[in-house]
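Q:
Numbering (the working numbering), first residue to last: 36 to 406.
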């Protein structure tokens with residue numbers, strides 16, 4: 036199945052109490068239950084907008100990077116919004132593991148103060164991006180042999196494009212009200228823009244029900260696209276007029292694509308790998324409080340989702356995933372926040388090895404659940 040993993044990472048004992056759950060869409064579930072899973076079937080790897088919660092994905096990501104098991108037969112599409120895009124931007128660097136670790140360390144140590152305005156927070160994020168993406172490495176990233184990056188962003192209009200907090204807040208509240216009626220109403224305020232590398236646009240951009248634009252990444256717009264994808268409304272200043280893309284203000288890709296909203300598989304035999312921080316799949320940022328709003332099952336047919344168990348989450352500092360509220364809770368004690376986040380990373384380190392132990396042993400067939 037995934038031959039050679041155990042030469043790259045320590046063997047996980049067969050009696051491991053697993054800290055992950057596996058769920059799959061209809062077609063992926065059938066393939067796995069029939070014994071047809073192979074790492075070479077993975078044509079896309081999706082990472083959601085997660086804020087600091089992405090830190091529990093670090094062990095999973097690093098296991099995959101060290102093993103080099105994705106993209107062996109054909110390039111794998113790495114698709115991410117917000118922190119998901121930041122993760123995958125490290126994957127396409129010449130020294131991917133080193134870049135990923137630099138991102139992790141710089142992100143954990145981001146400073147935050149009570150009076151920081153959106154422009155100051157943006158500068159702090161620019162420092163993080165520069166810590167793990169070197170300008171000289173961009174030609175390599177854009178021509179990567181095994182991975183194709185797709186960065187999800189949102190070009191915003193009208194009130195949401197304002198950098199005035201009260202005007203932007205009014206626009207976001209209006210978006211929430213309109214979105215509660217229908218997700219399609221977001222088109223009045225946001226437009227999905229996908230920045231991609233590779234000779235052709237990602238397949239999902241060329242299929243229904245995709246709405247939006249797709250722009251090729253280059254050395255000039257690479258970092259700006261990454262920054263835009265993580266420009267959280269109100270907290271981070273937007274990125275204006277990205278080179279090669281329509282003029283305007285670009286913000287967090289999670290506004291439109293918070294979690295998975297498309298079937299990213301390239302063919303009917305392919306799968307999309309999705310490491311999530313929770314069981315619930317929420318389409319857009321404005322859907323968080325709408326319990327009924329979910330991605331249609333048909334768009335998850337080829338998805339293989341891995342996520343931590345509730346028991347595992349309870350073992351993390353404060354019994355929860357790292358999140359953006361930690362910045363406020365520990366504003367006067369950043370050292371404790373940093374220690375908590377580092378501990379969450381340490382405890383998450385075995386999650387990737389556990390997944391591949393399931394694959395190697397064949398236990399994936401019995402553990403997989405239906406989405």
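Glycine is no exception: its CB is placed at the ideal position from the N, C-alpha and C atoms.
Should residue 322 and residue 297 be called a contact, given that it needs their Cβ atoms to be closer than 8 Å?
A: No, they are not a contact pair.
Q: Answer yes or no: do residue 186 and residue 78 have a C-beta to C-beta separation smaller than 8 Å?
A: Contact flag unset, no.
Q: Assuming residue 174 and residue 76 are in contact, meaning their beta carbons sit under 8 Å apart, how far apart are those beta carbons, in whole angstroms?
A: The pair is not a contact, with the Cβ atoms about 30 Å apart (cut-off 8 Å).
Q: Alpha carbon to alpha carbon, how far is residue 406 from residue 317? Give it in angstroms, no decimals.
A: Roughly 13 Å separates the two Cα atoms.
Q: From what residue to what residue does the alpha helix (DSSP H) around residue 353 run?
A: From DSSP, residue 353 is part of no alpha helix (DSSP H); its letter is neither H nor E.
Q: With 16 as the cutoff for other CB atoms within 10 Å, does residue 142 come out buried or exposed?
A: Looking at its Cβ environment, which holds 16 or more other Cβ atoms inside 10 Å, residue 142 is buried.
Q: Using CA atoms only, rank isn't needed, just tell me which of 289, 164, 368 is closest to residue 114.
A: With distances taken between Cα atoms, residue 114 lies closest to 289.
Q: Here's the rule: buried if 16 or more other CB atoms are within 10 angstroms of the residue's CB, otherwise exposed. What is residue 401?
A: Under this definition residue 401 is an exposed residue.
Q: If you compare alpha carbons, which of 278, 325, 235, 362 is closest to residue 184?
A: Nearest option by C-alpha distance: 235.
Q: Which residues does DSSP list as the beta-bridge partners of residue 59?
A: Bridge partners of residue 59: 339, 405.
Q: Report yes or no: do the region 295–310 and the region 266–278 share at least 3 C-beta pairs separated by less than 8 Å?
A: No, the region 295–310 does not touch the region 266–278.
Q: Looking at C-beta atoms only, is the number of pairs between the region 101–110 and the region 136–156 that lie closer than 8 Å three or more?
A: Contact fails: fewer than three Cβ-Cβ distances are below 8 Å.
Q: For residue 72, which three-state DSSP category applies?
A: It is coil, neither helix nor strand.
Q: Terminal residues of the continuous beta strand (DSSP E) containing residue 306?
A: Where residue 306 is concerned, the enclosing beta strand (DSSP E) stretches over 306–310.
Q: Leaving out five residues on either side along the sequence, give the residues of the same chain with a beta carbon under 6 Å from the beta carbon of residue 117.
A: Cβ within range, chain order: 84, 264, 265, 287, 288, 289.
Q: Can you give the beta carbon distance from residue 285 to residue 252, rounded, assuming they're within the 8 Å contact cut?
A: Contact flag wrong, Cβ pair sits at about 14 Å.
Q: Suppose contacts are defined by Cβ-Cβ distances below 8 Å. Is residue 261 in contact with residue 120 by that definition?
A: Their beta carbons are under 8 Å apart, which means residue 261 touches residue 120 by this criterion.
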